[in-house]
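S.K.: If you scroll down you'll find the structure; I have some questions about it.
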Amino acid sequence: MNWFTNLSIRLKILSVAAMGILAFLAYFVYGFYNNEANIRQISTIEQTDVPVLENINESNLAYAAVREAFIQALNQENDELFVEAHSLAWRYKEALSRIADINPTVHDDVEALIELVDSYLAEADALAQLTMSHTASPQAIESQRQRVLTLQSQYEARQRAFEQGRYEAFRNKLSVSREDSRNMQYVGLGISILTFVLLSLIAWRVTRSITKGLRYAVVAADDIAQGNWDADIQVRSRDETGRLLYAIRRMRDALKTARDEDRRSERLKSQLAEFNDTMRGDMTLQQLGNNVLNYMVPAMHAQVGAFYMFDDQSGTLRLNSSHAMERRKHLAGDFSLGEGLVGQCALEQKQILLSRVPEDYLSVTSATGSATPRNVIVTPIVHEDELKGVIEVAAFREFDEDDLNFLQQAVRALAISVHTAQSRVRLAQMLEQTRLQAQELEQQKRELGQVNADLEQQAMDLSASESRLQQQQEELKAINEELEAQTQALRASEESLQAQQEELRVTNEELEAQARLMSEQKAEVTKKNRELELLRQELEEKVRELEMSSRYKSEFLSTMSHELRTPLNSILILSNALSENKRGNLDEKQVEHASVIYSAGTDLLSLINDILDISKIEEGKMELVIDDISPQELSEHFRRNFSHVAENRGLSFHVQVEDNMPAHFFTDRQRLEQVLKNMLSNALKFTEQGSVTLKLDVPAEDERLPSRHLVKGETMRFSVIDTGIGIAPDKQQLIFEAFQQADGTTSRKYGGTGLGLTISRELARLLGGEIAIHSDGEGQGSTFMLYLPIGSEDTVEVEAEPEQAPSPLGAMLAEIVQPLPEDGFLVREKSVLIIEDDTDFANVLVDLAADYGLEGHVCADGESGLEYARHYRPSAIILDIGLPGMDGWEVMERLKADPRSKDIPVHFLSGKDERKKALDLGAIDFLTKPVNKDQILGAFAKIETAISKNVRRLLVVEDSEIQHEGIRELFDQKGVEITAATNGTDALQALRNQVFDCMILDLTLPDMSGFELLETIHNSADYDSVPVIIYTGKDLTREEEAQLRKYADRIILKTERSSERLLNEASLFLHWLESTLPGHSRNAAQAVEHRDDVFEDKRLLLVDDDMRNIYALSAQLEELGFDITIANNGREALEALDEAPDMDIVLMDIMMPEMDGYQAMGEIRKQDRFGRLPILALTAKAMKDDRAKCIDAGANDYCSKPIDMAKLTSLMRVWLHK
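Residue 985 in the numbering used here sits at position 985 of the sequence shown, with consecutive numbering throughout.
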């Protein structure tokens, strides 16, 4: 079966359909030929056997008549009777002859009967002559009578045998015909069973080959992600999954090679760092050489090394240090340039590598023996094109590329270190010269001191002479003072010189230290900058690789979605059409086969959608809508939906809401329900006996939460507890991986793709929570726990637009309210009732109302306001909330409860901002005190608009507050009074208390489903008939849609453009389109929606490059009455529109050759004549960005592949109506 495994997925799926078609054709051919044989057999019976039997019956009657005639003629001796008997005998023989003519095979039997008849007639004539002659003796007559009777008996025996033979032949032919029919039924049953088995095996084989390859690819990708580079990836097929595995294997090899390169690079960097550490510090050249060889030789896995320094004065290379090298007498320690390998390497300044040197070239000696290294490498040490020395290394093994790279990088650093060490030596020599100069200065200082001592001696001698030479004392004293001054000056000069010398020494030392420090810092900074640059480049490369990987993944998912959805589109449409068997030309088995194909395609589509859901979550494209959720409503919802499932499986189902659960929490309701439904479905599937429990509580303070992002006291827990098969500890994390189950064997008892828990965990994390699991082992049951933050109302609040700062109003004149009549009912035309306890402010409102042509009337409390509204029925009411006695809320409720006042528009004015509550009660608007004149005038403008219009009432039944606000904003400018109900009970209460022109209903409600609500309204006389628009995001089945059609007037699916359609559909019922809908009746709009002939003779352009889709869609659309034009790409679509610009609607595929759907729609919208042409995009891509791109490109709406004909028909009906 390798050839089957190597087929593409499309051919595999087509093989299933081909097998069914071949089996059908075989059965059809067999049945055709069998039916033809039966027809021929029946024709033979009709043309031969039946006429023969009829003539046999006729001949029997004729024979009986002949015998009776002869008997009567003999008894009466009447000649006329004999003539009549002969005539009857002739008719009898004629009937026998016809039998021979009809069936020649009985000719001999007929001739024998005729001969017997002739003999009988002859003997009968003889008897008649004897009897009538009256001359024959009685004995002769009796003898003749006996002969006649004998012939009669022979004939009758022969005739009965002939008749029985014909009847037996007739029965045999009927038996053969019945047996042939029965054999045909058995063969047909055998072909059907064989076809079913073959189709099941092939479908199983196709599904297994696809899912197995995908699971293998996921496992391989996970191994690569976890660093298992040696995982064996075998490509067993050449289909799409095989090509995917081959690509993954190539990616693994590339990543492994890159990893090895990174490791070698890291090892080289580490070696260079350690090598540089050996050269740090203030060392002599001898110490430097020893340290370098002691590290370099082992690092290169070598055994011998030598380091030669170049003396630029003598031009020779002198051995500086060595490692494990044995000195030989005949080998010199110095080399001139060009002398030996060392000298030649220094002369050329190029590396020399020797392999397989002679045995006596060099030896490595130890206490246990000696050996000869066979590989030698000699490398020059050059710094800025200046030769510094040569390093020689020898090893037993060959030097690899890593060794050579290390040696090349190390020699560069070594050259710098040698240059630095030589600079230090030269600096030390200069310092030595400076020290010698200082010593010379010190000697000069001592000599000057000796001179000074001699001068002092001379002064003493002069002083002695002074005593002898009194005459010259003053002169000698003056000379002595001058000498003393000179001595002081000389001493000061000497001290200054010493200070300068000391300062020079200190300065030289500081400069030397700073130079050394700056050199080290510069080298360190340069090194770190180089390392940072390398790291930056590596990070950029990693980022590019990640971006490329993400792009490849998105492109793969997008391509996979299109390539799988495109053939699925044809399979699902055609198989569904076959299963419906509208023409009635298929038997039950064929319908069942079509249903199996449709079911298998639906399962594959579900798997694709699950994979795309995971991709959306990973790419962050899954949006959240935060809702205010009640635990009680949520628990009741799950109790209703899963109780019957558990009951059918013989399980008990419980829902527990603990007391510590908050009254409300905030999260995405749809995603929460998706996670909990998956967990409950798994629990019910894997539990065969016992119970399943859904528990809602808040974890205790001392409990450990599964995620550090969760905060104790602000986290709630949803636990699904079952008594099912349990999960082994080593598999409790495996089940969260994609395509994984606890029982992953081929003989596993429970089916499924293994994606449910993966999606659930990702959704939980998207909601800020986590999923945990607890199970004591197999057979011990399990508990799945969903932890989520409770959230706060801040996450769903909608900021109101800032209002202008109000300014206080001054006092105005008051108007006295006229007394009410005691009885009667009076309608005030264009009047406004102001229920306000502030008389000054009320009178201001009265004056401003007059500017709008409204007659104002004031009531200071709620009771009198209600009484006035009931008797006078004003055109509008301005109502304050803070009234004495009955407050404004109660007044509003009583106004709406009274049929006489429920239709009066009410505008609230209050000092408290409670706009939402007022609007929910049915107010047309709300203003917060204090208000300015412009705001009051704006309120009167709305009142005037409401009065001038026929105010319509709309009931919105939706459990989402966000949807309430969205619908309210949608109808805000239409003057519609909206009443909101969050559950079915409130909706029924509103319908009992008020009359509505239209109701918008969501099918998912907390306390009852939309179906139950519609049935309650329809079956009860307590509720008036009201037009209903279903506005839901739920995918409806054909049965559900048919059920809704009995009660609902419109069904609108929530999409990105559905709000526009909702507004248009509601407009039909609320009579905003009165100019375009004459008659002002709901039935007119309803006729447009449900009339199938809306498609009759409409021209439709179908643009698709896949002939399977064209065939499937055109077959369905032609039945609806469309005149279809086909185009295979965007360019042909433009040409078709140029030839027939009166097209009514366009169905546009996206991925097409030459010009895709995006480009085609853009070109169409550029032409003004096609500005209002409806275009529906048919896209196989399910990503939200792709759908938005269709709308931006010019599509009016879109329909995802595989095409749901019900949705497509609904969309076309809406856009054709527009």
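Beta carbons: idealized from backbone N, C-alpha and C, even for Gly.
None of the values given here were measured: they were computed from a predicted structure.
Got a sec, what are the start and stop residues for the alpha helix (DSSP H) residue 656 sits in?
M.R.: Counting along the chain, residue 656 falls outside any alpha helix (DSSP H), though it belongs to the beta strand (DSSP E) covering 652 to 657.
S.K.: Whole angstroms is fine: what's the gap from residue 1010's alpha carbon to residue 756's?
M.R.: Approximately 27 Å, taken between the alpha carbons.
S.K.: Is the separation between the beta-carbon of residue 299 and that of residue 395 shorter than 7 Å?
M.R.: It is not a contact, given that the beta carbons lie outside the stated cut-off.
S.K.: If you measure between the beta carbons of residue 353 and residue 391, is that distance less than 7 Å?
M.R.: Not closer than 7 Å, so no.
S.K.: Would the segment 1185 to 1200 count as touching the segment 1035 to 1050 if we require 3 or more Cβ pairs under 8 Å?
M.R.: Taking 8 Å as the limit for Cβ pairs, the verdict is that the segment 1035 to 1050 does not touch the segment 1185 to 1200.
S.K.: If I follow the unbroken alpha helix (DSSP H) through residue 1178, where does it start and stop?
M.R.: Careful: residue 1178 lies outside any alpha helix (DSSP H), inside the beta strand (DSSP E) at 1175 to 1179.
S.K.: Give the C-beta separation of residue 406 and residue 268 to the nearest angstrom, bearing in mind that I take them to be a contact with Cβ-Cβ under 8 Å.
M.R.: Right, the Cβ-Cβ distance comes to about 6 Å (below 8 Å), so this counts as a contact.
S.K.: Would you mind reading off the limits of the beta strand (DSSP E) that contains residue 320?
M.R.: Per DSSP, residue 320 belongs to the beta strand (DSSP E) from 316 to 323.
S.K.: Let's test the definition: count the other Cβ atoms within 10 Å of the Cβ of residue 193 and tell me whether it reaches 16, buried, or not, exposed.
M.R.: By the neighbour-count rule (16 or more Cβ atoms within 10 Å), residue 193 is not buried but exposed.
S.K.: Can residue 1233 and residue 657 be called in contact, C-beta distance under 7 Å?
M.R.: This structure cannot settle anything about residue 1233, because the visible part of the chain is limited to 1 through 1218.
S.K.: When you compare the segment 98 to 108 with the segment 48 to 64, are there three or more beta-carbon pairs, one atom per stretch, that lie closer than 8 Å?
M.R.: Flag = yes, the segment 98 to 108 and the segment 48 to 64 touch.
S.K.: Nearest to residue 910 by CA position, among 625, 864, 837 and 1101, is which residue?
M.R.: For the residues 625, 864, 837 and 1101, the minimum Cα distance to residue 910 belongs to 837.
S.K.: What residue range is occupied by the uninterrupted beta strand (DSSP E) comprising residue 1103?
M.R.: Its beta strand (DSSP E) spans residues 1099 to 1103.
S.K.: Give me the Cα-Cα distance between residue 227 and residue 775, rounded to the nearest whole angstrom.
M.R.: Each residue's Cα considered, the two are about 30 Å apart.
S.K.: Consult DSSP for residue 861 and reduce its assignment to one of helix, strand or coil.
M.R.: In the structure shown, residue 861 sits in coil (DSSP, three-state: anything other than H, G, I, E or B).
S.K.: Could you say which of 253, 266 and 213 lies nearest to residue 242 if we only look at CA atoms?
M.R.: Comparing Cα positions, the closest option is 213.
S.K.: Is residue 714 helix, strand or coil by DSSP?
M.R.: If DSSP states are grouped into helix, strand and coil, residue 714 belongs with coil.
S.K.: With distance defined between alpha-carbon atoms, name the residue in 1000, 1006 and 1005 nearest to residue 1049.
M.R.: Of the listed residues, the one whose Cα sits closest to residue 1049 is 1000.
S.K.: In its own chain, which residues sit with a C-beta less than 7 Å from the C-beta of residue 1016, not counting the 5 before and 5 after it?
M.R.: The residues are 988.
S.K.: Whose C-beta lies closer than 7 Å to the C-beta of residue 85 among residues of the same chain, with five residues either side of it excluded?
M.R.: Correct list, in chain order: 66, 69, 70 and 73.
S.K.: Going by alpha carbons, who is nearest to residue 592 out of 373, 124, 200 and 1165?
M.R.: The option with the nearest alpha carbon to residue 592 is 200.
S.K.: So is residue 16 buried or exposed if we call it buried at 16+ other beta carbons inside 10 Å?
M.R.: Per the 10 Å Cβ criterion, buried.
S.K.: Leaving aside the five residues before and after residue 828 along the sequence, list all residues of the same chain whose C-beta is less than 6 Å from its C-beta, in chain order.
M.R.: Residue placement at residue 828 cannot be trusted, given a pLDDT of 47 that sits under 50; the coordinates are not used to answer.
S.K.: Considering Cα atoms alone, identify which of 1029, 1034, 580 and 850 is closest to residue 943.
M.R.: The shortest Cα separation from residue 943 among 1029, 1034, 580 and 850 belongs to 850.
S.K.: Taking DSSP as the reference, what is the three-state secondary structure of residue 1096?
M.R.: DSSP places residue 1096 in coil when its eight states are reduced to three.
S.K.: Quick check: what's the CA-CA separation for residue 283 versus residue 248?
M.R.: Computed Cα separation, rounded: 54 Å.
S.K.: So, is residue 669 buried or exposed, given that buried needs 16 or more other C-beta atoms within 10 angstroms?
M.R.: Burial call: buried.
S.K.: For residue 119, I'd like the list of residues in its chain whose CB is within less than 6 Å of its CB, leaving aside the five on either flank, ordered along the chain.
M.R.: The answer, listed in chain order, is 151.
S.K.: Helix or strand or just coil, what does DSSP make of residue 953?
M.R.: Note: residue 953 maps to strand in three-state DSSP.
S.K.: Start and end of the beta strand (DSSP E) containing residue 925?
M.R.: Here the beta strand (DSSP E) through residue 925 covers 925 to 928.
S.K.: On the CB-based measure, 16 or more other CB atoms within 10 Å of its CB, does residue 245 come out buried or exposed?
M.R.: Under this definition residue 245 is a buried residue.
S.K.: List the residues that DSSP assigns as beta-bridge partners of residue 375.
M.R.: Per DSSP, 355 and 395.
S.K.: Mark residue 178 as exposed unless 16 or more other C-beta atoms lie within 10 angstroms of its C-beta, in which case mark it buried.
M.R.: The residue is exposed, with fewer than 16 neighbouring Cβ atoms inside 10 Å.
S.K.: Quick check: what's the CA-CA separation for residue 278 versus residue 370?
M.R.: Computed Cα separation, rounded: 29 Å.
S.K.: What are the boundary residues of the alpha helix (DSSP H) that residue 231 is part of?
M.R.: Run containing residue 231: none; DSSP gives neither H nor E here.
S.K.: So the candidates are 1195, 894 and 683; which of them puts its Cα closest to the Cα of residue 782?
M.R.: Closest option to residue 782, Cα to Cα, is 683.
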